[in-house]
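Worksheet: one structure, shown below.
See the structure below:
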């Protein structure tokens with residue numbers, strides 16, 4: 102696992118990582134010498150040697166200042182390395198999520214994908230930077246501490262050698278239990294973040310239906326469960342830390358007892374005892390950090406397994422050439438669905454469906470709610486693939502076309518248009534290429550939304566909130582329809598695009614649709630009788 106993570110996320114950061122290790126190494130080395138110098142200062146004081154005392158004190162001051170400066174440099178470099186690697190890692194994860202097939206992303210709640218993207222990535226990067234920055238400190242401290250401990254007193258060192266395997270054994274016994282806890286905790290967090298996302302997206306509906314108390318009660322239950330899990334995790338961690346701490350206390354007490362006897366017998370100086378105790382503290386600190394890293398790795402293992410799962414999920418095959426040019430589909434003259442079957446969430450939505458759109462014109466699909474009308478449009482966009490049967494475009498299977506190329510030829514307008522937090526102009530240009538401002542003005546005038554826009558203080562540069570919350574549902578449908586026209590597509594897929602419009606606006610949009618249908622295949626889902634009557638073909642769906 103360690104080598105795989107290094108190759109995937111740390112490989113391009115050699116220079117920064119090596120610089121961080123160098124700074125840490127110098128700092129640890131200086132920090133390792135300081136107890137020995139400090140012990141000698143005490144001995145020079147008790148021996149009444151003022152000259153040597155002053156020289157050693159100056160050396161000690163220089164070491165402390167350099168250690169402080171290096172710790173600041175280490176912190177700054179470490180922060181930059183962590184954030185740059187984490188950003189790169191999150192970008193790769195998001196790239197992977199963006200090409201997931203819809204049936205895969207449908208299975209994962211929003212909270213789960215958010216948790217994997219944000220917190221799993223953070224846990225992995227933070228752990229390995231901590232490992233890189235700590236491993237040198239651990240090695241140097243272990244070597245220096247062991248050297249000086251054995252140099253000062255071989256007898257007391259024997260007690261230390263016995264204690265170290267005991268500390269490791271405590272960790273070894275607990276790591277499986279901690280790994281199981283981390284898996285269950287991650288599953289809980291997936292659900293928790295989904296609840297939070299859902300509540301924040303539906304605040305208005307919560308007020309309308311007056312279910313604030315129910316939502317608050319449900320959230321309180323989730324928080325209580327979170328506390329239980331947090332306490333369980335804290336108990337596991339503190340249990341291991343407590344046992345390790347008890348071993349350290351017993352060791353310190355034993356060494357203090359033996360060192361005290363040695364001093365009283367004249368076999369050891371006070372300075373040596375202070376130095377020995379300082380190096381023992383450093384040794385225990387290094388061992389403790391090593392054992393903590395071992396336990397933290399159980400959490401990282403769970404996070405990495407979750408990220409690896411994304412590699413196993415089915416992805417869309419995109420043939421992007423890096424220049425924005427895709428292989429041509431050609432003029433779409435015929436679309437045919439043959440014996441198409443499709444299921445979603447275990448429910449059969451379409452059963453042996455046969456449809457043909459064989460020339461420019463308006464084709465209307467109607468039927469009861471839930472009969473599969475919108476599913477047909479999503480299959481044509483290849484958001485989903487049919488389970489059985491086939492879809493042909495110009496007598497060629499739809500799967501044989503490049504996805505980007507296919508979608509660039511289709512303009513799909515959902516009942517609820519999609520908007521980002523950006524200007525009106527930029528939102529209207531989403532999914533388009535080579536569209537000028539004059540093109541946008543002309544289309545907006547045609548659709549009947551231009552006058553509404555220019556009345557705004559910043560006009561087309563007015564910021565739209567996420568999902569266009571600062572505009573009415575009718576205005577949003579006009580924006581969405583204008584954007585579909587700006588795509589200059591070959592085929593138009595329209596899903597209840599006039600449902601929120603007033604009568605005058607609906608008639609205006611309808612005339613535009615009829616004009617489009619003179620030269621394009623227009624597949625329209627609607628329930629309005631006047632729209633159905635003008636269709637070239639009418640398809641009535643019933644139970645798929």
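In our numbering, the protein residues as written are 102 to 645. Built from N, CA and C at the ideal position, the CB exists for glycine as well.
**Study point:** Secondary structure of residue 149, DSSP reduced to three states
**Key:** coil
Point to revise | Per-residue DSSP class, three states only, for residue 650 | key: Given that the chain is displayed from residue 102 to residue 645, the structure contains no residue 650 and the question cannot be resolved.
Review point. Can you tell which of 498, 246, 594 has the C-alpha that lies nearest to the C-alpha of residue 382?
Key: 246
Point to revise | Nonlocal neighbours in the same chain, by C-beta distance under 8 Å from residue 120, ignoring five residues either side | key: 178
**Study point:** Distance CB(residue 169)-CB(residue 138) smaller than 9 Å
**Key:** At least 9 Å separates the beta-carbon of residue 169 from that of residue 138.
Check your understanding: Comparing alpha-carbon positions, which option in 173, 282, 576, 415 lies nearest residue 396?
Key -> 282
Review point. Three or more C-beta pairs closer than 8 Å, one from the stretch 580-591 and one from the stretch 520-533: is that the case here?
Key: Counting Cβ pairs under 8 Å, three or more are found: they touch.
Practice item. Decide if the stretch 495-515 is in contact with the stretch 440-450; the criterion is three or more beta carbon pairs, one per stretch, under 8 Å apart. Key: no
Review point. Looking at residue 181 and residue 117, is the spacing between their C-beta atoms short of 9 Å?
Key: yes
Review point. If we ignore side chains and look at the alpha-carbon of each, how far apart do residue 403 and residue 213 end up?
Key: 14 Å
Check your understanding: With C-beta atoms as the reference, is residue 387 less than 9 Å away from residue 272?
Key -> no
**Study point:** Buried or exposed (CB count within 10 angstroms, at least 16 for buried), residue 569
**Key:** buried
Check your understanding: Which of helix, strand or coil does DSSP assign to residue 300?
Key -> helix
Check your understanding: Among residues of its own chain, excluding the 5 on either side of residue 607, which ones have a beta-carbon nearer than 7 Å to its beta-carbon?
Key -> Counting only Cβ-Cβ distances below 7 Å, and skipping sequence neighbours, we find 599.
Point to revise | Cut-off 8 Å between Cβ atoms - residues of its own chain near residue 434, not counting five sequence neighbours on either side | key: 459, 460, 495
Point to revise | Reference residue 474; option with closest CA among 624, 549, 601 | key: 624
Check your understanding: DSSP three-state call for residue 124: helix, strand or coil?
Key -> The answer is helix: DSSP assigns residue 124 an H, G or I state.
Practice item. Assign residue 534 to one of two classes, buried (16 or more other C-beta atoms within 10 Å of its C-beta) or exposed (fewer than that). Key: With fewer than 16 other beta carbons inside 10 angstroms of its own, residue 534 counts as exposed.
Practice item. Give the single residue among 338, 267, 407 whose Cα lies nearest to the Cα of residue 220. Key: Of the candidates 338, 267, 407, the one whose C-alpha sits nearest the C-alpha of residue 220 is 407.
Check your understanding: Does DSSP put residue 168 in a helix, in a strand, or in coil?
Key -> DSSP, read as helix, strand or coil, puts residue 168 in helix.
Exercise for review: Provide the residue(s) that pair with residue 514 in DSSP beta bridges, ordered along the chain.
Suggested key: 595
Check your understanding: Touch check for the stretch 194-208 and the stretch 278-296: three-plus C-beta pairs under 8 Å?
Key -> no
Practice item. Please work out which residues of its chain come closer than 7 Å, Cβ to Cβ, to residue 549, disregarding the five sequence neighbours upstream and downstream, and give them in chain order. Key: 579, 606, 609
Check your understanding: Does the pairing of the stretch 354-367 with the stretch 252-267 give three or more beta-carbon distances under 8 Å?
Key -> yes
Check your understanding: For residue 369, does the three-state DSSP call read helix, strand or coil?
Key -> coil
**Study point:** C-alpha distance - residue 185 paired with residue 471, whole-angstrom precision
**Key:** 46 Å
Review point. Mind checking residue 339: buried by the 16 CB within 10 Å criterion, or exposed?
Key: exposed
Practice item. Inspect the beta-carbon positions of residue 140 and residue 376 and report whether they are closer than 9 Å. Key: yes
Check your understanding: In the structure shown, what three-state DSSP assignment does residue 428 receive?
Key -> With a pLDDT of only 48 at residue 428, under the threshold of 50, the placement of this residue in the model should not be trusted; the figure read from the coordinates follows. Coil, per DSSP.
Review point. Hey, would you say residue 492 sits closer than 9 Å to residue 481, going by beta carbons?
Key: yes
Practice item. Run the CB neighbour count on residue 115, radius 10 Å, all protein chains shown included, and call it buried at 16 or more, exposed below. Key: Residue 115 is exposed by the Cβ-count criterion.
Review point. Do residue 352 and residue 260 have their C-beta atoms closer together than 9 Å?
Key: yes
Practice item. Say whether the stretch 502-515 touches the stretch 590-598, bearing in mind that this needs 3 or more beta-carbon pairs closer than 8 Å, one atom from each stretch. Key: yes
Practice item. Could you give the DSSP three-state label for residue 312: helix, strand or coil? Key: coil
Exercise for review: Use the C-beta contact count for residue 373: other C-beta atoms within 10 angstroms, 16 or more gives buried, fewer gives exposed.
Suggested key: Around the CB of residue 373, 16 or more other CB atoms lie within 10 Å, so the residue is classed as buried.
Exercise for review: Report yes if the C-beta distance between residue 227 and residue 463 is below 9 Å; otherwise report no.
Suggested key: no
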